[in-house]
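To convert, take the position in the sequence shown, counting from 1, and add 180; that gives the working numbering. Here a beta-carbon is modelled for each residue, glycine too, at the ideal position from N, C-alpha and C. Step one of this worksheet: look at the structure below.
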Amino acid sequence: MTIVKFPDHFIWGAATAAFQVEGAYKEDGRGMSIWDTFSRTPGKVFEGDNGDVACDMYHLYPEDIKRMADMGIRSYRFSVAWPRIIPDGSGAVNEKGLAFYHNLVDELHKHGIEPMLTLYHWDLPQALQDRGGWLNRETIDHFVRYAETVFNSLRGKVRFWATFNEPWCISFLSHYIGAHAPGMTELQAGVDVAHHVLVAHGRTVQLFRKLGIEGQIGIAPNTEWQEPYSDKEEDIEAAYRRSGYLNEWFLRPVMTGKYPEKLVEWFRGKGAELKIEEGDMELIGSKIDFLGINYYTGGVGRYNPDSGDLFDYEEVPMGWDKTDIGWNIYPQGLYNVLTYIKREFGDIAIYITENGACYNDGPSADGKVHDTGRVEYLRKHVLQVHRAIESGVNVKGYYCWSLMDNFEWAYGYSMRFGLIYVDYETQERIPKDSYRWYRKLAQLNWLEV
Ligand code: GBH
């Protein structure tokens, strides 16, 4: 038996996002978002599920926060819905929308839970999409104004701020692969949106400093770790490109103010040109206080020019276990990502802003949810976090995705990531076995392996 102890003051938390949990889609003046539109477009979301009700957290947050307190988490990461604050994206501010987040944050403080606020977790106001969305550089101005509204309203109450959740999903997954709203399929659009989102990030960081907001600001990119199948140069290069498009394309400009040249060239070869305006790179490279890292999966792959893949990369099935959503379980990939960041970008403070697993277990005959797969997944991943800390990576906290089952984007309600089970008919919540496991970890700050 080995005891694995985390540093004192390590933060154990849990995460959600507005569109995935809030529901109340028409209430108190909320405007429509691109996800309301996308989920109403036939064939885009599993069984036509939408976010109209979701977990109804808009109404049930006081009891959900009690559960967070019972679970012993020190911090809760949530996102603000832009369409609640500025319903048409660019016009009047909706005070009722702000009031909701004040109530939420006050309730968290009442229970001693530190809020971490994400400004953008994918619910762009539809009215801005009608004017080109993230492809239109003007959306950057509207975003910065929205950010300023939220900063000024919640300053003093919120100390941890993240600009964007997963810029790769906002850009490539939504505009090149087309699996997320608004569902475009052009590489050039992916590259343009990625750049605009990064500029918006940089301008928001500058604004945060200018306004003198207390606390820390960062960003939460998604990462994966693609391992070359062999040490052949061509395999190494292909794996670099495939990982790089997820990780480096965002991390390098944010941390150094420069895009990775090899990938810029690769995209150019595929007909997609990076369009940078004067001053953009300085903005993008604005110093941040922490990096949020979302990590779920990774894989092994090799060079194959006939694979049909954008990067001439072909994933090789390694027979690894997968979660119920079909993603490889690759705990060591998290260690690899964390040590890579330290190696490449130095000693930035890191919060794991998301890590978690999809297992669709429901209540058994005893009324409990025995999600042993999730417990094993979490145990293996937090151990890799500990390894990274031992290697000198400055990881200061870990947020499990997710607090509770919720609207899993294109998968609708068919995929469950929660520590708490949600019955979508009754809105009943049932803490799973993983909830109790996580509570013990958060209370002890060590685990036995
Ligand atoms: C996060 O995205 C989101 O921030 C969150 O809202 C969401 O609910 C959560 O994860 C769970 O999905 O098909 O094997 O190639 C995760 C980003 C990008 C991670 C796509 C997995 C595909 C793996 N994901 N990636 S695979």
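- Of all C-beta pairs linking the segment 360-374 to the segment 262-277, fewer than three are shorter than 8 Å, placing the two stretches out of contact.
- Inter-residue distance for A272 and R264 is about 11 Å (C-alpha atoms, whole angstroms).
- Exclusion of the five residues before and after F525 leaves M435 as the residues of its chain whose Cβ lies within less than 6 Å of its Cβ.
- Residues of the same chain with a CB within less than 6 Å of the CB of E407, apart from the 5 flanking positions on each side, are V480 in chain order.
- Taking a contact to require three or more Cβ pairs closer than 8 Å, the segment 578-586 and the segment 210-223 do not qualify as touching.
- Within the segment 525-607, the complete alpha helix (DSSP H) segments of 4 residues or longer fall at 552-570, listed in chain order.
- By the neighbour-count definition (other C-beta atoms within 10 Å, threshold 16), L334 is a buried residue.
- Secondary structure of N484 (DSSP, three-state): coil.
- Judged by the Cβ position, E534 qualifies as a neighbour of the ligand GBH at the 7 Å threshold, a heavy atom of the ligand being closer than this.
- Spanning the alpha carbons of V379 and G542 requires a straight line of approximately 43 Å.
- In terms of CA proximity to K438, G465 leads the group N332, G465, S259 and T196.
- Excluding the 5 residues flanking it on each side, S594 has same chain C-beta neighbours closer than 6 Å at F226, in chain order.
- Rounded to the nearest angstrom, the gap between the Cα atoms of A307 and G269 is 6 Å.
- In this structure, L563 lies away from Y618, with their beta-carbon atoms at least 8 Å apart.
- Here P433 is not bridged, per DSSP, to any residue.
- A545 and S614 have their C-alpha atoms spaced approximately 18 Å apart.
- Going by DSSP, E462 is part of the alpha helix (DSSP H) stretching over D460 to I464.
- Looking only at R432, T182, E494 and E462, the smallest Cα-Cα distance to R523 is reached by R432.
- In the structure shown, the three-state DSSP call for Y615 is helix.
- For the 8 Å CB-CB criterion, L299 and V338 do not form a contact.
- Close CB contacts of G598 within its chain, under the 8 Å cut and outside five residues either way in sequence, are with S582, L583, M584, D585, N586 and K612 (chain order).
- The beta carbon of V184 sits closer than 7 Å to those of L563, H566, W626, L627 and V629, all from its chain and outside the five residues before and after it, given in chain order.
- Assignment of R335 by DSSP, reduced to helix, strand and coil, places it in the strand class.
- P485 counts as exposed, since fewer than 16 other beta carbons sit within 10 angstroms of its beta carbon.
- Taking one beta carbon from each stretch, the segment 441-455 and the segment 376-392 have fewer than 3 pairs nearer than 8 Å; the two do not touch.
- Using a 10 angstroms sphere on the CB of K455, the tally of other CB atoms stays under 16, which defines it as exposed.
- I399 and N535 have their C-alpha atoms roughly 15 Å apart.
- Taking 8 Å as the cut-off, the beta carbon of D492 is found no closer than this to the beta carbon of C538.
- Secondary structure of N427 (DSSP, three-state): coil.
- Counting every other CB atom within 10 Å of its CB across the protein chains shown gives M296 a total of 16 or more, marking it as buried.
- In the DSSP annotation of this structure, the continuous segment of the beta strand (DSSP E) that includes W192 starts and ends at I191 to A195.
- If only complete runs of 3 or more residues are kept, the segment 210-268 shows the beta strand (DSSP E) at 255-259, in order along the chain.
- Measuring C-alpha to C-alpha distances from H291 to each of Y281, H376 and K246 identifies K246 as the nearest.
- Here the alpha carbon of F430 sits roughly 44 Å from the alpha carbon of G547.
- When rounded, the separation of the alpha-carbon atoms in G231 and V201 is 8 Å.
- Spatial neighbours of G395 in its own chain (CB-CB distance under 7 Å, excluding positions within 5 residues in sequence) are listed in chain order as V338, R339, F340 and W341.
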